[in-house]
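As structure tokens, the structure follows; a few thoughts come after it.
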Amino acid sequence: MSLSFDFVQPQPEAAADRVTLFADVILPLPLPRLYTYRVPFELNDQVVVGGRVIVQFGAKKTLSCIVAAVHETPPTLYQAKYILEFIDDAPVVTQPQLKLFRWMADYYLCTLGEVINAALPSALKLSSESRVQLHPAFEPDNHPYPLGDQEQKVVDALSTGEEGKSMTFTEVGELLGIASFHKYIKSLMQKDVVFLFEHLKDKFAPKVVKKVRLAHHYVSEAAIEQLFGQLASRAKQLDVVMRYLQRVPVYQSEHANHRGMDKAALTSAPHLSPSAVNTLIKNGILEQFDQIVSRFPLDEDDAQANMHFTLSDTQVEARDAVMREFQTKDIVLLHGVTGAGKTEIYIDLIKQALDGGGQVLYLLPEIALTAQIVTRLMRVFGSRLGVYHSKFSDNERVEVWNGVLSGRFQVVVGVRSAVFLPFDNLALTIVDEEHESSYKQYDPAPRYNAREVALMMAHFQGSKTLLGSATPAVETYYQARAGRYGLVSLTKRFGEAGLPEIVLVDTRKSREQKTMLNHFTPELMAEMESKLAQQEQVILFQNRRGYAPFINCLDCGWIPKCTNCAVSLSYHKQAHELRCHYCGHHDRMPAQCPACGSRNVKTVGFGTEKIEDDLKVMLPQANVQRMDLDTTRAKNSYQQIISDFEQQKTNVLVGTQMVTKGLDFANVSLVGIINADSIIHYPDFRAHERAFQMFVQVSGRAGRKGKKGKVIIQTGDPEQVIFDKVIRNDYLEFYEYEITQRREHGYPPFMRIIRLTVKHVDVTVGERAARLLTQELVDRLGREAVLGPEAPYIFRIRNFYLQEITIKLSREHTVLKAAKADLMAALDVIRDQKEFKQVRLAADVDPM
DNA sequence: AGCACGCCGACT
DNA sequence: GTCGGCGTGCTC
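In terms of full-length UniProt numbering, the first sequence is residues 1 to 848.
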């Protein structure tokens, strides 16, 4: 701003106050910096921080990106290109979000572009390759909104050719012959004429329900009167019409008739004839139409009926304690045993937060976000509830995103990535099962933990956060003990169900005595038989999928290995394949040893598939179902397995971790952990914690609603200290033991860990890069802060050789910040060496 | 992440 | 002689 003097008259033609604006944008690419584009002067008033703009990036790419800042400082080193177009007139990313994204990039050592990439549903990230397609529900001659000329051109182009034809943005631009065509696409989207998708594979497959309504010329009392006369001799048809009028208040509002009712409710109702319904449709009395429905249908009547439920005394007490803690603390840990009824407490707190006018985010791990819980929440919160699930299509995610922006959804229940939703007025954040490792994203950066991100987001927005778990993460409990988090314990199980009896069975002894029946001890076998005889159900937990972790030729010792990874191939019997669990590589199962031709090839070890297989032979009367990654890959198979078990169509459920989470089955009286040792003896400082959590969680599946359950843990080493704590379900004792270990060995929560992985196709280059990086780190951070480099147990994945360096840092903020700067500098040293140009470096902050 | 520019092998 | 391999460097 320059000084101005009174006597200097403004020159009218010079437009002295003409400001040139520049926008710093976040490109959805892993680039370290923001890029500055120039705002076309006539569009100055359209720039919104948090809105999307279209820019040309590089020679031929056009991209949408997020405006992070607007200013008047022209770049000095280059000529800024112009922004091509503005997509939004209001932010799609809110201010608190931008702040959060910056924090994430900083904390997790990644770029803002990577954060944006993980955060935005891909339909919000437009590029010249984005595609449009006519909406399946669009009817050209029965469309409520008029279309402009340009819009009509697009619709015409999309309707000629085969069904479901799509065009890229580039093609739309060519068709219209103008550069600024996005506004037409946007308008067409708002009118539900077209929808967007990014790749050919994510085409929209909406769920359509057939509905019927009364033809519009019957919607008046007189007309209906006349209709009754007309149908007087056709009793079946009359019944249908009567039922329709009963269910749909046609007289009260024409709108109600327009919405109609489910056809299935008429055709499948008792005493009503489906053919009568069809005759009515044929005669033009009823009309049939399709409606696209959400995955979680809400029955309005249900919503009213279930609004109110009462908390038990224990629950009221716990809720009040949480609220008391919230008066002085922003974060509260609700430590409640499985089955203590935490969900009801959450619902109660959500209601209060909503009454106060704030938004609520309720995070759940993926396996716990079931239709059961969603329907339950739907009943209470109805259309104010948004659901964000990873199995949803991109269009559905955008709908939730926009719903949060517009205020339509005040509560969102969702998985890890729901922390990215554009809240601006969060009052309450709930992270249920906060210890769950699935909150942590591993592979593409940002390698974030949604629990930590949620805490930071809540902090930025002044929201309270409730962390819930039966087996809190050691780090979390430590914070609560230290008084930084409030702590509320809920120890009584709901409905008086006692804790299950937990029994250890020594597999080593059984093996010596040769009493093992395949992988079952006689004790587990006998108990299963007895429970099944009493018509009760059994869950078996085996933390390894497939049939066997490897196969072995008994004559020459040949073991098939993955060609891309340093692992043996697992045998999958059903698929008759050898598979790599790390890269997806698979071969046909050979009929004989390819090395020596012997047919003496045996499977070694066992996974869920073998357990299932053995049981089918050993317990022929039982119905055995397996639930693991392999059997739940298809869209609804998880739900199918659960409901079959719920309805007791299956008696034994064998599965991996999937069976440990949040499933409430009233009739399960026995849980078996087939091999506890593989879980405990894992080369990682969190092995005991994970084992404790797993055992307690899976034990929680046994015995509910008054029945006392039994848990049998098979182990070759029953003396392990951890079992003692599991048996007595003594979290506190486990915690005390574990925290001492952590303090002694300098692990979290006392130190912060950053794991660097160096990857290269050539072992020696990778090793050299890792050694140099270690040296650079030692020079900057000191010898004691750096461990490694070391090849991990699985030292090659997807043809990349791995080296790991572990950095241990003090948790002090200033130290951490300086250390990260040092770390980045050390990484740059590697990147600058020609020899290491092909080295891939990944930083994982707080690895799990 | 793309994509263009650029320098060395098997083909018309 | 050219077409094309993918190494590396840049994108406001």
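C-beta atoms are modelled at their ideal positions from N, C-alpha and C, and glycine is treated no differently. Source: prediction; values computed, not measured.
Taking the straight line between their C-alpha atoms, what separation do you get for residue i and residue j?
{"i": "Asp-262", "j": "Pro-270", "result": "15 Å"}
{"i": "Leu-841", "j": "Cys-110", "result": "11 Å"}
{"i": "Glu-744", "j": "Gln-648", "result": "49 Å"}
{"i": "Lys-463", "j": "Leu-100", "result": "This sequence places Ser at residue 463; Lys is not what is there. Those two C-alpha atoms are separated by around 14 Å."}
{"i": "Gly-358", "j": "Leu-466", "result": "15 Å"}
{"i": "Arg-588", "j": "Gly-260", "result": "54 Å"}
{"i": "Cys-580", "j": "Ala-791", "result": "19 Å"}
{"i": "Phe-309", "j": "Gln-315", "result": "12 Å"}
{"i": "Thr-650", "j": "Met-627", "result": "12 Å"}
{"i": "Phe-409", "j": "Gly-386", "result": "5 Å"}
{"i": "Leu-112", "j": "Ile-754", "result": "19 Å"}
{"i": "Phe-420", "j": "Leu-517", "result": "50 Å"}
{"i": "His-135", "j": "Arg-416", "result": "29 Å"}
{"i": "Glu-436", "j": "Leu-84", "result": "44 Å"}
{"i": "Lys-60", "j": "Val-404", "result": "34 Å"}
{"i": "Lys-837", "j": "Tyr-737", "result": "45 Å"}
{"i": "Lys-708", "j": "Leu-670", "result": "9 Å"}
{"i": "Gly-414", "j": "Phe-57", "result": "34 Å"}
{"i": "Arg-18", "j": "Lys-759", "result": "52 Å"}
{"i": "Glu-174", "j": "Val-212", "result": "42 Å"}
{"i": "Lys-203", "j": "Leu-147", "result": "For Lys-203, the predicted model reports a pLDDT of 47, less than 50, meaning its position is unreliable; a value from the coordinates is still stated below. The alpha-carbon atoms of Lys-203 and Leu-147 are separated by roughly 24 Å."}
{"i": "Glu-776", "j": "Ala-445", "result": "23 Å"}
{"i": "Tyr-251", "j": "Ala-222", "result": "11 Å"}
{"i": "Ala-80", "j": "Val-53", "result": "15 Å"}
{"i": "Val-503", "j": "Arg-701", "result": "15 Å"}
{"i": "Ala-318", "j": "Ala-119", "result": "34 Å"}
{"i": "Met-456", "j": "Ala-450", "result": "10 Å"}
{"i": "Arg-38", "j": "Asp-192", "result": "33 Å"}
{"i": "Ile-559", "j": "Cys-596", "result": "12 Å"}
Terminal residues of the continuous alpha helix (DSSP H) containing residue i?
{"i": "Phe-101", "result": "95–107"}
{"i": "Thr-111", "result": "Element bounds for Thr-111: n/a, residue is neither H nor E."}
Under the three-state reduction of DSSP, which class applies to residue i: helix, strand or coil?
{"i": "Val-374", "result": "helix"}
{"i": "Arg-798", "result": "coil"}
{"i": "Met-167", "result": "strand"}
{"i": "Asn-142", "result": "coil"}
{"i": "Glu-174", "result": "helix"}
{"i": "His-519", "result": "coil"}
{"i": "Ser-570", "result": "strand"}
{"i": "Gln-9", "result": "Only weak support is given to the placement of Gln-9: the predicted model assigns it a pLDDT of 40, under 50, and the value that follows is read from those uncertain coordinates. Residue state, collapsed to three classes: coil."}
{"i": "Asp-844", "result": "strand"}
{"i": "Ile-66", "result": "strand"}
{"i": "Asp-156", "result": "helix"}
{"i": "Asp-432", "result": "strand"}
{"i": "Ser-348", "result": "Checking the sequence, you will find Asp at residue 348 rather than Ser. Helix."}
{"i": "Asp-762", "result": "coil"}
{"i": "Asn-44", "result": "helix"}
With residue i as the anchor, note down where its beta strand (DSSP E) starts and where it stops.
{"i": "Pro-522", "result": "Premise fails: Pro-522 lies in the alpha helix (DSSP H), 522–533, not in any beta strand (DSSP E)."}
{"i": "Leu-134", "result": "131–134"}
{"i": "Gln-359", "result": "359–363"}
{"i": "Val-39", "result": "Neither: Val-39 is in no beta strand (DSSP E) and is coded neither H nor E."}
{"i": "Ile-54", "result": "52–57"}
{"i": "His-182", "result": "Unbroken run through His-182 is the alpha helix (DSSP H), 182–190; no beta strand (DSSP E)."}
With which residues is residue i paired in a DSSP beta bridge?
{"i": "Leu-333", "result": "Leu-467, Leu-487"}
{"i": "Val-671", "result": "Ile-539, Val-711"}
{"i": "Gln-513", "result": "Paired residues: none, contrary to the question."}
{"i": "Phe-197", "result": "Arg-131"}
{"i": "Asn-552", "result": "Lys-602"}
{"i": "Arg-544", "result": "None; Arg-544 has no bridge partner."}
{"i": "Phe-309", "result": "BP columns for Phe-309 are empty, so no partner."}
{"i": "Glu-85", "result": "Ile-54"}
{"i": "residue 875", "result": "Since the first residue of the chain shown is 1 and the last is 848, residue 875 is not available in this structure."}
With a threshold of 7 Å (Cβ to nearest heavy atom), would residue i be considered close to the ligand PLP?
{"i": "Thr-76", "result": "You won't find the ligand PLP in this model; it holds no ligand whatsoever."}
_Restricting to runs no shorter than 4 residues, where is the alpha helix (DSSP H) found entirely within the stretch 226–256?_
235–247
_Every unbroken beta strand (DSSP E) inside the stretch 800–835 [3 residues or more]_ = 800–810
_Threshold first: 4 residues or longer. Then list the alpha helix (DSSP H) segments lying entirely within the stretch 259–290, N to C._
263–267, 274–282
_Start-end ranges of the beta strand (DSSP E) lying completely within the UniProt domain "Helicase C-terminal" (588–745), minimum 3 residues_ = 601–604, 624–627, 652–655, 668–673, 710–715
*asked:* I'd like the ranges of any beta strand (DSSP E) spanning at least 3 consecutive residues and lying wholly in the stretch 379–430.
replied: 385–388, 411–414
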